[in-house]
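Enquirer:
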Amino acid sequence: MGQMISLSEISKIIDNWLRATFNPTWTLIIEMVIAGVCVIGLFAVLGLVLVIMERKVSAWIQIRLGPNRVGPKGMFQSMADTVKLLVKEGLTPDGADKFLFNLAPLIAIVVAMLLMAPIAFARDFQMWDINIGVLYVSAVSSVMVISILMAGWASNNKYSLLGAMRSGAQIVSYELSAGLSIIAIVILTGSLSFNEIVHSQVDGWWIFKGHIPVLIAFVIFIIAATAETNRAPFDLAEAESELTAGFHTEYSGMKFALFFLAEYVNVFIVCAIGATLFLGGWMPFHIGSWQGFNQVMDYIPSSIWFMGKTFFLIFLIMWFRWTFPRLRIDQLLNLEWKYLLPISMFNLLLVTAMAILGWHF
Amino acid sequence: MITPGLYHILFISTALFFIGMYGFFARKNLITMLMSIELILNSVNLNFIAFNKYLWPGRLDGVFFTIFIIAIAAAEAAVAIAIIINLYRSHKSIDVEQTEEMKY
Amino acid sequence: MSNALQIALIPLLPLAAFVILGLFGNKYVNRSAGIIATFLLASSAALAFYTAYQYFFEYGKVEGVYQKVTAFKYTWLQFSDQLSIDIGALIDPITAMMLVVVTFISLLVHIYSLAYLKGEKRFATYYAFLGLFTFSMLGLVLSSNIFQMYIFWELVGVSSFLLIGFYYDKPSAVAACKKAFIVTRFADLGFLIGILVLSFYAGTLDFNTLIERLTSLQSAEFKMATAASFMGISALTWGLVLVFIGGAGKSAMFPLHIWLPDAMEGPTPVSALIHAATMVVAGVFLVARLFPVFQISPIAMDVVAYTGIISALIAAVIACTQTDIKRVLAYSTMSQIGFMMFALGVSKTGGEAGLGFTASMFHLFTHAMFKALLFLGAGAVIHYVHSNEMKDMGGLRKYLPITHITFLIACLAISGIPPFAGFFSKEEILLAAYHHYPVIFYTALITSGLTAFYMFRLYFSIFWNKQTQVHSEHSAPHDSEKHGEGGLAMMLPLIVLAMASCLAGFIHFGNFVTADGKPLTTALHLLFSVAPVVLALAGIGIATWLFLRQNDSPVKYSNKLGNLYKAAHQKFYIDELYGFITQKIIFNLVGRPAAWFDKNIVDGLVNETGNGTTTLAEKIKAFQSGKVQQYAIYFLGGVMGLTVLFIYLWK
Amino acid sequence: MTGSTIIFYLLALLTLVSAVLAVTSRQIFRAAIYLLFTLIGIAGFYFWMQYDFIAAVQIIVYVGGITVLIIFSIFLTQQAGELLPKQKIGRQVFAAAAVFCSFALVMLQMINHHFTVTADQSTTPTIAAIGEKMLATTEDGYALPFEVVSILLLAAMIGCIVIAMRPEDTLPNEQDLQQK
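Residue numbers (our numbering), protein chains in the order written: chain A, -19 to 341; chain B, 24 to 127; chain C, 98 to 748; chain D, 207 to 386.
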């Protein structure tokens, strides 16, 4: 294939070199270290990019300039923010449970890291091709809520506690419809593995295969993902106007930065999952048997495809934030329990019927 | 250190079981007692999976028992929590000693 | 049978009325309940008439003999290959006749009640009960097996109970309905045992098979039934007598008659329907249904005959002294049923000797007409006067002309004055008794004279005699006209029944209803009729002399009769006798010891068990502390103890 | 001494230590967090035994469900920063002694009993196999228990709603929270 050098080839080269140089145990350890460094690096980059992206997108939507002092067009603004957060004093409020207070952001970031493991970033480039990938993701992401609850409780602050409870209710609720919409794809694919799900879209992304249930599932997934990451219009957990930032009111400095980072990474992760499930992951865009076009598309590296799709979804979610007004907590829960959940259950039935009757392409 | 096998896991599950037992005896708060029960259930699950893996790897019965126990544990926890919260509303306490009057 | 549905509908329509009105009546259709029930019953009556017509004139007769036709039959409870309880319908001449009588009287009572019970709070309930009663009665006459009949028999008892106790806020009504229920229930016990005896020996419950097996002298069942004996009397006779006790209870035969006069506490149309025309003849119907079997046992026949004549005489004597008009009618009913009963008792099967059976059924038929008429007439009077007592009445002929005329017709009919219906049937009964049972014949003759006397005593007391002012106390004079006769709904049944009472006697009953199904021609002996008619006229004469004008001769003569009058007035102390037996003897000798045993031994045992448990519980209560954790520790200790026990100690 | 062994002992340490802390900590929220670590440790054991599916289910239900539920009930019934009252020392000792004796007894039995461990432990169930067996109606299928458990869950859900329903006016969000 006339392709540019791909991530999988780079990783293969490194792997071969390591195997040739060290014994297997060490190879494993070094590879783990490399993966860890890569993930941390990715986190840093993502944090920087997403923060500036959010600010720019919001400025663009609200027809204003946004950050424009640091660096060209304000591009280094988030760097400056990071430096500020790093040097700021980390305060721990009086009466807080220090152990849990410190543990909470750590859990948040660790969970975000663990979630990275099964995601296929490019063709044959995946840290852990676990055969229950989708289930793994929804399982591990449910630990996220614990860190929020922990932060809220440990702060010994009633706003934090309220924010944490709201957030807990919200995440637990929306996990249901997110899970159900994921299962729609799982049913069509017949596998839980990310790798297989991506490969099942080789002749067309699920979103473009013309299944109505898939479209419904996609919409529900995007809504649920927005809610699960506590983003506006579902940012009830933070709710600056009522709770003065919710569960991380008392956090400052590095710990706050960790929460902040975890939040953005989570946005990235859910968008990556959405892209994998519905938009074909790293699969290039193909049109039927239009060979020429398809080859041009194949020439674009798969990692670019993946990132492109993911960032498209991130952009979508940011767009929501600056477009829709915020919901009240009861409206939020009503939306989930009275509308999304029934719809996604019905959708699940529909997709099951389709899969059994073989109505898919 | 020896390579871990069935007996190691059984040791862990038994230890978990009796830690749960201890919690159930020594705690007075209903929520912590519920947590102890969860530990006990988990030790059972661990046993099932260990037996399934080491004694009958071709079969799935241990897996199914575990799945059903997890499902039932979820139901049990939900009901227990509902009861505890109701108790809290009426007694303003979730101390197990305070629930004694329920025997009348 | 193609007309199975048609026959099934006859009882089912009243049942529908019961269900509809019972469930929704009081709430939704209270006002129109009467119309609904009447309409349903009219349909039922039309079907019954049509069925009877078909039976008598189209298919019933095969080679000159009326057949027993099983319209339909479903097996319900299968006990063994042979023995099963079925639900079915059996049509034979008496069933067809009873269908007509029951639906006809019931329909008229329904119509009559429209006016009589207007404005009653539980109007719909009343009609529901009427529907239930009609259903049960129709089911009873249609029953194809003895157990089905028993079921409906009890249903009749229940609905009678409900209707007697309809005014349940009146203590006397409550007492009366309880009494009626207990007495008939007591008699039904005999019936049930009789059923068990008969069906045990016959090996079946089905009427046709039962009659067939127990009447053929060669059959194994017959031999067994006659061979087995108890106290020197064969099992068959015992069974029949026991069955007859059930019939006697329902038909108010002596000495089980005590409930009937009290049953007059129910609404008057109910008395007309149940306690005059239909339910009380159930006993007669039962005997008639099993007539071929009764025929086998002379003892049973004698029991029937003598019970009948004793009841007839005693009731007639008591009736002469009663002052409550409904009670007079009640005793007269009992007396007339006594006539029917002994007519059955003296009858034989076949030919001229079977006259008793025909006469009995004929009398049943005519009696239903004129007795219902009497009761409905009495109802009209009571409606007007608001009293049951004779002393509150008198001279009502001006206010109630139609009632007066129809009542007179009925009185003439029951007294046996030609050409009214009662004459013909009573003549036949007397004729049937004449040949072989002189004692019965003469007693019956006297009784029929007494009948004329007390009926006209009643008639004159109500419509002639003194002037009454009672009505003006209760109702303003200006509306007495309107109020008096009770409108068309009350008058129509009276007129129809009066016509029936006039004409029913001319039906040649022997053509239709006989013991063996073959037509029977009875010659009417003119000379024979002289004695009864003269006696009846004499009775009427005495009554006219004593009661036409208000005078003191009735009192004088009753004083002269002294103790006899007093005894008759007190109904020969039979109620008191029952009271004495139950309260003094049974309560003291059986009830008290049983109560003592129950209180001290049975209860004592239970109480001691309870006390012992409580004491024990008090001692071990500490273990049941309500502390969950303690329980858990006990549990763990128990499990571990058992583990040690089973693994180390008890290998 | 391979990586797998190290992981096993680390997991065992995590599980047992946090289990002990979960039943002894006097800060109830911490107890819940220790319980969470125990549960995660057990999930780790499942991963270690390559029963990935069960591990994921364990995390979803226990960590994402039951622990959250417990934490919520703690939120609703306790004050932050409040210590649980001290338990009588006699009782603790008694419970510990009873439990330790039982533990010793059971361990003794277990060691004396010889399980016939199969040599081949490579096969781990696939999800397809689990799914097929779960809905199989054949002799050793689990369709019936599956249905029974479904009905049980439904009944429990309805039961919870009924129990938690408060007749007086109440904040709607609080009620919603309790229903989960």
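Just so it is clear, CB atoms sit at the ideal spot from N, CA and C, and this is done for glycine as well.
The structure presented is a predicted model; accordingly, all values stated were derived computationally and were not measured.
(1) For the stretch 310 to 335 of chain D, which residues have a beta carbon sitting closer than 9 Å to at least one beta carbon of chain B?
(2) Which residues in chain B have a C-beta closer than 7 Å to the C-beta of V776(C)? List them in chain order.
(3) Mind listing which residues of the stretch 32 to 48 of chain B have their C-beta closer than 9 Å to chain C's C-betas, in chain order?
(4) Taking CB distances under 8 Å as the criterion, tell me whether L733(C) reaches chain B.
(5) Quick check on the burial criterion: 16 or more other C-beta atoms within 10 angstroms. Buried or exposed for K339(D)?
(6) Using only alpha-carbon positions, find the residue among A101(B), M58(B), F47(B), T122(B) that is nearest to A361(D).
(7) Identify, in the order they occur along the chain, each residue of the same chain with its Cβ nearer than 6 Å to the Cβ of I196(A), setting aside the five sequence neighbours on each side.
(8) Any idea if I249(A) is buried or exposed, counting beta-carbon neighbours within 10 angstroms, 16 or more meaning buried?
(9) Kindly indicate which residue of M56(B), T89(B), S116(B) has the alpha-carbon position closest to the one of Q285(D).
(10) Do G81(B) and I63(B) count as a contact pair if the criterion is CB distance below 8 Å?
(11) If we call anything under 8 Å between Cβ atoms a contact, is V478(C) one with I559(C)?
(12) Closer than 8 Å by C-beta to F47(B): which residues in its own chain qualify, once you throw out the five before and the five after it? Chain order, please.
(13) For the beta strand (DSSP E) that Q175(C) lies in, which residues bound it at each end?
(14) Go through its chain and collect everything with a Cβ distance to M246(C)'s Cβ below 7 Å, but skip five positions before and after it.
(15) Quick one: is A304(D) near chain C, going by C-beta distance under 8 Å?
(16) Under a three-way DSSP split, which group does V50(A) fall into?
(17) Note down, in chain order, all residues in the stretch 90 to 105 of chain B with a beta-carbon under 8 Å from any beta-carbon belonging to chain D.
(18) Measure the alpha-carbon distance for S122(A) versus V152(A) and round it to whole angstroms.
(19) How would you list, in chain order, the residues of chain D whose beta-carbon sits under 7 Å from the beta-carbon of G148(A)?
(20) Within the same chain, show all residues whose beta-carbon is closer than 6 Å to that of F88(B), passing over the 5 residues directly before and after it, in chain order.
(21) Taking all protein chains shown into account, do 16 or more other C-beta atoms lie within 10 angstroms of the C-beta of E705(C), making it buried, or fewer, making it exposed?
(22) Using the DSSP secondary-structure output, state which residues sit across from G185(C) in a beta bridge.
(23) Output needed in chain order: residues of the stretch 89 to 121 of chain A with a Cβ under 7 Å from some Cβ in chain D.
(24) Less than 8 Å between CB atoms is the rule here; does S54(B) satisfy it with respect to chain D?
(25) Give me the DSSP bridge partner(s) of A100(A).
(26) Closer than 7 Å by beta-carbon distance: list the chain A residues that pair up with G209(D), in chain order.
(27) Leaving out five residues before and five after I637(C) in sequence, what residues of the same chain have Cβ atoms less than 6 Å from its Cβ?
(28) State yes or no: is the C-beta of V267(D) within less than 8 Å of the C-beta of I93(B)?
(29) In terms of residue numbering, what span does the alpha helix (DSSP H) encompassing Q680(C) cover?
(30) Compute the Euclidean distance between the alpha carbons of G184(A) and G260(A), then round it to the nearest angstrom.
(31) Can you tell me the Cα-Cα spacing of F169(C) and A440(C), whole angstroms?
(32) Helix, strand or coil: which one does DSSP assign to V162(C)?
(33) Look up N242(C) in the DSSP assignment and say whether it is helix, strand or coil.
(34) DSSP on S326(C), reduced to helix/strand/coil?
(35) Just to confirm the assignment, what range does the alpha helix (DSSP H) spanning E155(C) have?
(36) At 4 residues or longer, what runs of the alpha helix (DSSP H) sit wholly inside the stretch 232 to 279 of chain D?
Expert: In this structure, then:
(1) V312, M313, M316, I317, F321, T322, V323, T324, D326, Q327, S328, T329, T330, P331, A335
(2) Residue coverage of chain C in this structure runs from 98 to 748, which leaves residue 776(C) outside it and unanswerable.
(3) M44, F47, F48
(4) yes
(5) buried
(6) A101(B)
(7) N327
(8) buried
(9) S116(B)
(10) no
(11) yes
(12) M56, S59, I60, I63
(13) 166 to 175
(14) L237, S240
(15) yes
(16) coil
(17) I90, F91, I93, A94, I95, A96, A97, A98, E99, A100, A101, V102, I104, A105
(18) 8 Å
(19) V274, F278
(20) F71
(21) exposed
(22) K170(C)
(23) I110, N111, I112, L115, Y116, S118, A119, V120
(24) Before going on, a small fix: residue 54(B) reads as Ile here, not Ser. Taking Cβ atoms only, chain D reaches closer than 8 Å to I54(B), which makes this a yes.
(25) Q106(A)
(26) T5, L8
(27) A549, F553
(28) yes
(29) Taken as a continuous stretch (DSSP letters only), Q680(C) belongs to no alpha helix (DSSP H), as it is neither H nor E.
(30) 8 Å
(31) 32 Å
(32) strand
(33) strand
(34) strand
(35) Taken as a continuous stretch (DSSP letters only), E155(C) belongs to no alpha helix (DSSP H), as it is neither H nor E.
(36) 234 to 254, 258 to 264
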